[in-house]
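J.:
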Amino acid sequence: MSFDPVGDYPLGLRRPELVRTATGVALDEITLAAARAGSLVADDLRATDTTLRQQAAVARAAGRRQLADNLERAAELTTVPADELLAIYTALRPGRSTSAELETWAERLDELAATATAAFVREAAEAYEERRLLSDERAGQVRPLREGSL
Amino acid sequence: MNARVPRSGRFASRAEKELRQELLIEPWAELGLVAFDGPNDPEPELVVERGRVTRMDGRDASEFDVIDRFLVAYGLDLDVAIEAMALPDLELARMLVDVDVPRGELVRVARGLTPAKLARVIGLLDAVELMFAMKKLRARRDPGNQAHVTNLKENPALLAADAAEAARRGFDELETTVGVARYAPLNALALLVGAQAGRHGVMTQCAVEERRNLELAIRGLVTYAETLSVYGTEPVFVDGDDTPWSKSFLGAAYASRGVKVRFTSGTGSEALMGHAQGMSMLYLEARCVSVVRAAGSQGVQNGSISCVALALSVPGGTRAILAENVLAAWLDLEVASGNDAIASHSAIRKTAKLMGQFLPGTDFVTSGYSVMPRRDNTFGGGNYDADDLDEWLTIQRDWQVDGGIEPVTEDEVLRVRGQATRAIQAVFDELQLPAITDREVVAATTGYSSSDLPDRDRAADVEAADDLLARHVSALDVALALDRRGFVDEAEGVMATVRQRVAADYLQTAAIIDPDGLVRSAVNDPNTYLGPGTGYRLEGDRWALLQALPHTIDPRSLGGLPSGGEALVVELGEALRGEDAAEVVIAVGPAFAGEIRETINGLAHADVLAALVDGVREAGGAPRLARIRRVADVAFIAHDGARLSGSGIALGLQSKGTAVIHRATLQPLDNLELFGMSPLYSLESYRAMGRNAAGYALGLRVGPVPTELDNFARAKLIVRTTLLHAREARAVVPGAPPVELVLAAGTVPRLVPGSSQAPGVRSEL
Numbered sequence: 629m630s631f632d633p634v635g636d637y638p639l640g641l642r643r644p645e646l647v648r649t650a651t652g653v654a655l656d657e658i659t660l661a662a663a664r665a666g667s668l669v670a671d672d673l674r675a676t677d678t679t680l681r682q683q684a685a686v687a688r689a690a691g692r693r694q695l696a697d698n699l700e701r702a703a704e705l706t707t708v709p710a711d712e713l714l715a716i717y718t719a720l721r722p723g724r725s726t727s728a729e730l731e732t733w734a735e736r737l738d739e740l741a742a743t744a745t746a747a748f749v750r751e752a753a754e755a756y757e758e759r760r761l762l763s764d765e766r767a768g769q770v771r772p773l774r775e776g777s778l
Numbered sequence: 041m042n043a044r045v046p047r048s049g050r051f052a053s054r055a056e057k058e059l060r061q062e063l064l065i066e067p068w069a070e071l072g073l074v075a076f077d078g079p080n081d082p083e084p085e086l087v088v089e090r091g092r093v094t095r096m097d098g099r100d101a102s103e104f105d106v107i108d109r110f111l112v113a114y115g116l117d118l119d120v121a122i123e124a125m126a127l128p129d130l131e132l133a134r135m136l137v138d139v140d141v142p143r144g145e146l147v148r149v150a151r152g153l154t155p156a157k158l159a160r161v162i163g164l165l166d167a168v169e170l171m172f173a174m175k176k177l178r179a180r181r182d183p184g185n186q187a188h189v190t191n192l193k194e195n196p197a198l199l200a201a202d203a204a205e206a207a208r209r210g211f212d213e214l215e216t217t218v219g220v221a222r223y224a225p226l227n228a229l230a231l232l233v234g235a236q237a238g239r240h241g242v243m244t245q246c247a248v249e250e251r252r253n254l255e256l257a258i259r260g261l262v263t264y265a266e267t268l269s270v271y272g273t274e275p276v277f278v279d280g281d282d283t284p285w286s287k288s289f290l291g292a293a294y295a296s297r298g299v300k301v302r303f304t305s306g307t308g309s310e311a312l313m314g315h316a317q318g319m320s321m322l323y324l325e326a327r328c329v330s331v332v333r334a335a336g337s338q339g340v341q342n343g344s345i346s347c348v349a350l351a352l353s354v355p356g357g358t359r360a361i362l363a364e365n366v367l368a369a370w371l372d373l374e375v376a377s378g379n380d381a382i383a384s385h386s387a388i389r390k391t392a393k394l395m396g397q398f399l400p401g402t403d404f405v406t407s408g409y410s411v412m413p414r415r416d417n418t419f420g421g422g423n424y425d426a427d428d429l430d431e432w433l434t435i436q437r438d439w440q441v442d443g444g445i446e447p448v449t450e451d452e453v454l455r456v457r458g459q460a461t462r463a464i465q466a467v468f469d470e471l472q473l474p475a476i477t478d479r480e481v482v483a484a485t486t487g488y489s490s491s492d493l494p495d496r497d498r499a500a501d502v503e504a505a506d507d508l509l510a511r512h513v514s515a516l517d518v519a520l521a522l523d524r525r526g527f528v529d530e531a532e533g534v535m536a537t538v539r540q541r542v543a544a545d546y547l548q549t550a551a552i553i554d555p556d557g558l559v560r561s562a563v564n565d566p567n568t569y570l571g572p573g574t575g576y577r578l579e580g581d582r583w584a585l586l587q588a589l590p591h592t593i594d595p596r597s598l599g600g601l602p603s604g605g606e607a608l609v610v611e612l613g614e615a616l617r618g619e620d621a622a623e624v625v626i627a628v629g630p631a632f633a634g635e636i637r638e639t640i641n642g643l644a645h646a647d648v649l650a651a652l653v654d655g656v657r658e659a660g661g662a663p664r665l666a667r668i669r670r671v672a673d674v675a676f677i678a679h680d681g682a683r684l685s686g687s688g689i690a691l692g693l694q695s696k697g698t699a700v701i702h703r704a705t706l707q708p709l710d711n712l713e714l715f716g717m718s719p720l721y722s723l724e725s726y727r728a729m730g731r732n733a734a735g736y737a738l739g740l741r742v743g744p745v746p747t748e749l750d751n752f753a754r755a756k757l758i759v760r761t762t763l764l765h766a767r768e769a770r771a772v773v774p775g776a777p778p779v780e781l782v783l784a785a786g787t788v789p790r791l792v793p794g795s796s797q798a799p800g801v802r803s804e805l
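For the record, the sequence lines run as chains G and F. So in my numbering, spot 42 of the first sequence is number 670, and the numbers just go up one at a time. So in my numbering, spot 468 of the second sequence is number 508, and the numbers just go up one at a time.
#1: So, with DSSP's three-state summary, where would you put residue 722 of chain F?
#2: In angstroms, rounded to a whole number, what distance separates the CA positions of residue 100 of chain F and residue 687 of chain G?
#3: How big is the Cα-Cα spacing for residue 748 of chain F and residue 270 of chain F?
#4: Thinking just about the alpha-carbon of each residue, which of F:690, F:715, F:265, F:597 is nearest to the one in residue 704 of chain F?
#5: Taking one C-beta from the region 158-170 of chain F and one from the region 471-490 of chain F each time, how about it: are there three or more such pairs within less than 8 Å?
#6: Taking 7 Å as the CB-CB limit, is residue 640 of chain G close to chain F?
#7: Please list the partners that residue 419 of chain F has in chain G, where partner means a Cβ-to-Cβ separation under 9 Å.
#8: Considering just the uninterrupted stretch of the alpha helix (DSSP H) at residue 679 of chain G, what are its terminal residues?
#9: Any C-beta of chain F sitting closer than 7 Å to the C-beta of residue 762 of chain G?
#10: Closer than 7 Å, Cβ to any Cβ of chain F: which residues of the region 672-683 of chain G, in chain order?
#11: So for residue 768 of chain G, helix, strand or coil by DSSP?
#12: Do you know offhand how far residue 106 of chain F's Cα is from residue 254 of chain F's?
#13: I need the boundaries of the alpha helix (DSSP H) containing residue 458 of chain F, first residue and last residue.
#14: May I ask you to list, following chain order, the residues of the region 707-732 of chain G that have a beta carbon less than 7 Å from some beta carbon of chain F?
#15: Are any of the Cβ atoms in chain G nearer than 7 Å to that of residue 564 of chain F?
#16: Determine, using beta-carbon pairs with one atom in the region 429-436 of chain F and one in the region 452-471 of chain F, whether at least three such pairs fall under 8 Å.
#17: Going by other Cβ atoms of all chains shown within 10 Å of its Cβ, with 16 needed for buried, is residue 733 of chain G buried or exposed?
#18: Check whether the Cβ atoms of residue 299 of chain F and residue 637 of chain G lie closer than 7 Å to each other.
#19: Evaluate residue 517 of chain F with the Cβ neighbour count: other Cβ atoms within 10 Å of its Cβ, from every protein chain shown; 16 or more gives buried, anything less gives exposed.
#20: Could you name the residues of chain C that residue 143 of chain F contacts, counting a contact when the two beta carbons are closer than 7 Å?
#21: For residue 805 of chain F, name the three-state secondary structure that DSSP assigns.
#22: Give a yes or no on whether the C-beta atoms belonging to residue 631 of chain F and residue 695 of chain F are separated by under 7 Å.
#23: I want to check one thing, is the minimum distance from the CB of residue 341 of chain F to the heavy atoms of the ligand NAP below 6 Å?
#24: Have a look at F:222, F:246, F:192 and flag the residue whose alpha-carbon is nearest the alpha-carbon of residue 215 of chain F.
#25: For residue 488 of chain F, count neighbouring Cβ atoms within 10 angstroms of its own Cβ and tell me buried if that reaches 16, exposed if not.
#26: State yes or no: is the C-beta of residue 686 of chain F within less than 7 Å of the C-beta of residue 623 of chain F?
#27: Tell me whether the region 534-544 of chain F and the region 121-137 of chain F touch, counting them as touching only if at least three CB pairs, one residue from each stretch, are closer than 8 Å.
#28: State yes or no: is the C-beta of residue 652 of chain F within less than 7 Å of the C-beta of residue 626 of chain F?
#29: Is the Cβ of residue 701 of chain G closer than 7 Å to any Cβ of chain F?
#30: If you measure between the beta carbons of residue 320 of chain F and residue 74 of chain F, is that distance less than 7 Å?
#31: Give, in chain order, every residue of the region 743-763 of chain G whose Cβ lies closer than 8 Å to some Cβ of chain F.
#32: If contacts are defined as beta-carbon pairs under 8 Å, then residue 421 of chain F and residue 69 of chain F qualify, I think. What distance do you get, rounded to the angstrom?
#33: Can you name the residues that DSSP bridges to residue 645 of chain G?
#34: Do residue 326 of chain F and residue 159 of chain F have their CB atoms nearer than 7 Å?
#35: With a cut-off of 7 Å, does the C-beta of residue 371 of chain F fall near any C-beta of chain G?
#36: I want to verify the contact list: residues of chain F whose CB lies under 7 Å from the CB of residue 692 of chain G, in sequence order.
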């Protein structure tokens, strides 16, 4: 089915038939009646990588390159378990990782076919190296954590 | 110290005002305490060699900090940068306010501008130009608003009730937070249920630590997040325990779970955190919003946010805050424009600041309007709160501006609050959470604040909150719980949020969900403002809605003071000129004691006449009553009366109670004494007026009747005055001669026949 990133937005309204969950539930099957019947699974009820790539295409067609790139990374991350997402986020915080540790995460992302995100992590590692935002490899020390300072 | 230096009473009085609790400081650039044009702000600069940026804003590539590197890698669009950076500052500034330069062109050019250039150009706009630019550059066509929903007791019934009211009032997004972190799942749950009870489609968030937030998002208990802060200098970014890369990654992680993400930044944060590097607030904010766009966020909440009072301490602070909002919009970002943290102790000052965002309209005029009383706002903010709602609604009505809040009747508010509290009570019961009692339901529906609610077992609540996450309770479970207990509409609302999460349309720029479930964003509902007649205009049904406040009244219902009943005066035929040198004519207006029967102060006309007659007699005068029919203006009523009076003195009296003592030889608009404060007069006042009128007639020395002054009388009563005067004017009979009156009952003044007087009669009104 062709998808027109200019004319087909919002997908939920214009192209609901294109929107499915990971297990193939169609958008118009996500109803209270279906929930009552027990045919919906909570973990399944979120955007798929396909949908997020279509949203990325919509953003790109609207001239929003950076938002589109971010939505493409999001599409890649749909298959990354939540714990790993948070672990990668923590690894990217200043002073948390050595260059090698970030490279390990990049390789893990490559394994999960998250190649754009893997590249993003490698670019971070390069910048961190220059700006001394990596943890000290020899001492194995990380900067003291300051949780909740977001 | 010189004890003899006199103190001005006025300076001393002003020094006591709440405003003066705030410090105003001279700029101190070294600490970043300067709004615009910091002496250390770099010159705008971009050097591109063989497709690579080798210099930007005064730094060589080798000196780029983590922010510069990020901007160069992801933010700047080099295909437009050369063209855009070559445009003179003034030309760019003029484009921002040129009604013929469309938003799309401005956004295209901005993709190639460095932070220093952005700050330089925006700094060329004055206050009104900034507002106009904001109106042009807002991403979404319609302005919107976001609410804060919290309470000190973290009572779920009250959270649900406030969420429902906020949703019903038209807020597009609701944000809660926690006093105690472990409450997050319960607060998010209460917000979700309450919001959908108020209006389907309203998006909710719970501002908590990222891991917890992501968990809530995965369960579908929240739909958006705006906790991702960015800063304009590397040391502050790192002190915030993040980098542009980590924040950008987090944004993608949220989006991967179907969460709409908005970043947060704001002027003053770098100075507050001690590493402004001698740069101006606006320049550093230009770096922030550039990072936000480079990170791929669809939007930002900015406008100094929690640092607002710091930005306002320096000259131009208010202007800089609007400038940063405009910058974000120029970079094609959704803008939630602050106005949530308390900007000032002074209602005047903070509202003057608000106008910058309120009048042009932003995607979210506030980043959180406190729908509950301020002390229940656990964000530590509450710039505008539940007690200010009527003011907000009235200002919308005054300016014909849509600030995103709708008037709702008390009955309807109570209905949605009741519905929401019963719904969350049912959900708590179904999900085996600590019971919400009927007493809490009632108090949350009708109470003023959390003080009206009973205390809950907080230990039990936080344990239940942990358990809720451990049991993986999701939005689907919430919908089913609602459904089982008959809250089908709310269940449908929650299911609709689930569908939206699957379709992910709300990840596009400036997305909101309208009551019909349609996502409206900058993609399908872009701001196309190009001057008068275009873009969003508050008119039609929406304008009718926003002008009809619950306490608006039909002036026809006010016209109003009772008429009819027994006759108070009897008309005896045309009044002629009197001969008695002691005569004082009491000349009343056309509607007096007829169509209108009491003054604006509620004094019966019969009593007023009796008091005047008494007063005239007390001072030795001879009162005589006449009605002037040709005119309703008090000066002419009095002057016409004076020309009938044997002494040449009359007291003219309008039906609403305004009086004038006049002399026939004066010009009509001159007078001896004017009593224009009719709402303040008692019968004793009228008696004193009568005495004075007689004094003038008898040629005695007369001291003016002491009058009080109520400076607010006009504001309070001008509408009633207008309506009363309209009734008086309707009773005018053009050209009709005056008629002699007597009181129908009680004291009858002595009647003095006289000759008719014709010259100079003119018809008015």
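Cβ coordinates follow ideal geometry from the N, Cα and C atoms, glycine included.
T.: Taking the geometry as given:
#1: Taking the second sequence and counting its residues from 1, one reaches residue 722 of chain F at position 682. For residue 722 of chain F, the three-state secondary structure derived from DSSP is coil.
#2: On the second sequence, residue 100 of chain F is found 60 positions in, with the first residue counted as 1. On the first sequence, residue 687 of chain G is found 59 positions in, with the first residue counted as 1. Cα to Cα, residue 100 of chain F sits roughly 33 Å from residue 687 of chain G.
#3: As a first step, residue 748 of chain F is located in the second sequence; it is residue number 708 there, counting from the start. As a first step, residue 270 of chain F is located in the second sequence; it is residue number 230 there, counting from the start. A direct Cα-Cα distance of roughly 58 Å separates residue 748 of chain F from residue 270 of chain F.
#4: For the purposes of this step, residue 704 of chain F is taken as residue 664 along the second sequence, with counting starting at 1. Nearest neighbour of residue 704 of chain F by Cα position, chosen from F:690, F:715, F:265, F:597, turns out to be F:690.
#5: Output reads no: the region 471-490 of chain F does not touch the region 158-170 of chain F.
#6: Here the question's residue 640 of chain G lines up with position 12 in the first sequence. Chain F contact via Cβ: present.
#7: Taking the second sequence and counting its residues from 1, the one referred to as residue 419 of chain F is at position 379. Near residue 419 of chain F there are no residues of chain G at all, since even the closest Cβ is about 14 Å away, more than 9 Å.
#8: Working through the first sequence from its first residue, we reach residue 679 of chain G at position 51. That run of the alpha helix (DSSP H) goes 677-689.
#9: Residue numbering aside, residue 762 of chain G sits at position 134 when the first sequence is read from its first letter. False, the Cβ-Cβ gap to chain F never drops below 7 Å.
#10: Cβ contacts with chain F: 673, 674, 675, 679, 680, 683.
#11: Taking the first sequence and counting its residues from 1, the one referred to as residue 768 of chain G is at position 140. Per-residue confidence for residue 768 of chain G stands at a pLDDT of 46, beneath the threshold of 50, marking its modelled position as unreliable; the derived number appears in the next sentence. Collapsing the DSSP output to three states places residue 768 of chain G in coil.
#12: Here the question's residue 106 of chain F lines up with position 66 in the second sequence. Here the question's residue 254 of chain F lines up with position 214 in the second sequence. Taking the straight line from one Cα to the other gives about 26 Å.
#13: Numbered from 1 along the second sequence, position 418 holds the residue referred to as residue 458 of chain F. Its alpha helix (DSSP H) spans residues 450-470.
#14: So the list reads 710, 713, 714, 716, 717, 720, 721, 722, given in the order they occur along the chain.
#15: Locating residue 564 of chain F in the second sequence gives position 524, counting from the first residue. Residue 564 of chain F has a beta carbon lying within less than 7 Å of a beta carbon in chain G.
#16: With a cut-off of 8 Å, the region 452-471 of chain F and the region 429-436 of chain F do not count as touching, because too few Cβ pairs lie within range.
#17: The sequence position of residue 733 of chain G within the first sequence is 105, counting from 1. It counts as buried.
#18: Working through the second sequence from its first residue, we reach residue 299 of chain F at position 259. Working through the first sequence from its first residue, we reach residue 637 of chain G at position 9. With a cutoff of 7 Å on beta-carbon distance, residue 299 of chain F and residue 637 of chain G are scored as not near each other.
#19: Locating residue 517 of chain F in the second sequence gives position 477, counting from the first residue. Around the CB of residue 517 of chain F, 16 or more other CB atoms lie within 10 Å, so the residue is classed as buried.
#20: Going by chain labels, chain C is absent from the structure shown, which instead holds the protein chains G and F.
#21: Here residue 805 of chain F refers to the residue found at position 765 of the second sequence. With a pLDDT of only 22 at residue 805 of chain F, under 50, the local geometry of the prediction cannot be trusted, and no value is derived from it.
#22: As a working mapping, residue 631 of chain F is identified with position 591 in the second sequence. As a working mapping, residue 695 of chain F is identified with position 655 in the second sequence. Their beta carbons are under 7 Å apart, which means residue 631 of chain F touches residue 695 of chain F by this criterion.
#23: The ligand NAP is not among the ligands present in this structure, which contains no ligands whatsoever.
#24: As a working mapping, residue 215 of chain F is identified with position 175 in the second sequence. The shortest C-alpha separation from residue 215 of chain F is found at F:246.
#25: Taking the first residue of the second sequence as position 1, residue 488 of chain F is located at position 448. When all chains shown are included, residue 488 of chain F counts as exposed.
#26: Your numbering for residue 686 of chain F matches position 646 in the second sequence. Your numbering for residue 623 of chain F matches position 583 in the second sequence. A contact, by the Cβ cut-off of 7 Å.
#27: Fewer than three pairs of CB atoms, one per stretch, sit closer than 8 Å, so the region 534-544 of chain F makes no contact with the region 121-137 of chain F.
#28: Translated into positions along the second sequence, residue 652 of chain F becomes position 612. Translated into positions along the second sequence, residue 626 of chain F becomes position 586. It is a contact, given that the beta carbons lie within the stated cut-off.
#29: As a position in the first sequence, residue 701 of chain G is number 73, starting the count at 1. Between residue 701 of chain G and chain F, the shortest Cβ-Cβ separation is below 7 Å.
#30: Counted from its first residue, the second sequence places residue 320 of chain F at position 280. Counted from its first residue, the second sequence places residue 74 of chain F at position 34. Taking 7 Å as the Cβ cut-off, residue 320 of chain F and residue 74 of chain F qualify as a contacting pair.
#31: Residues 745, 748, 749, 751, 752, 755, 756, 758, 759, 761.
#32: To locate residue 421 of chain F, count along the second sequence from 1; it is residue 381. To locate residue 69 of chain F, count along the second sequence from 1; it is residue 29. Not confirmed; about 29 Å, so no contact.
#33: Position 17 of the first sequence holds residue 645 of chain G. Bridge pairing for residue 645 of chain G: absent [DSSP].
#34: Counting from one through the second sequence, the residue named residue 326 of chain F turns up at place 286. Counting from one through the second sequence, the residue named residue 159 of chain F turns up at place 119. Contact flag set, yes.
#35: For the purposes of this step, residue 371 of chain F is taken as the residue at position 331 of the second sequence. Against chain G, the CB of residue 371 of chain F has no partner CB under 7 Å away; the residue lies outside that interface.
#36: The residue given as residue 692 of chain G occupies position 64 in the first sequence. Within 7 Å Cβ-Cβ: 372, 549.
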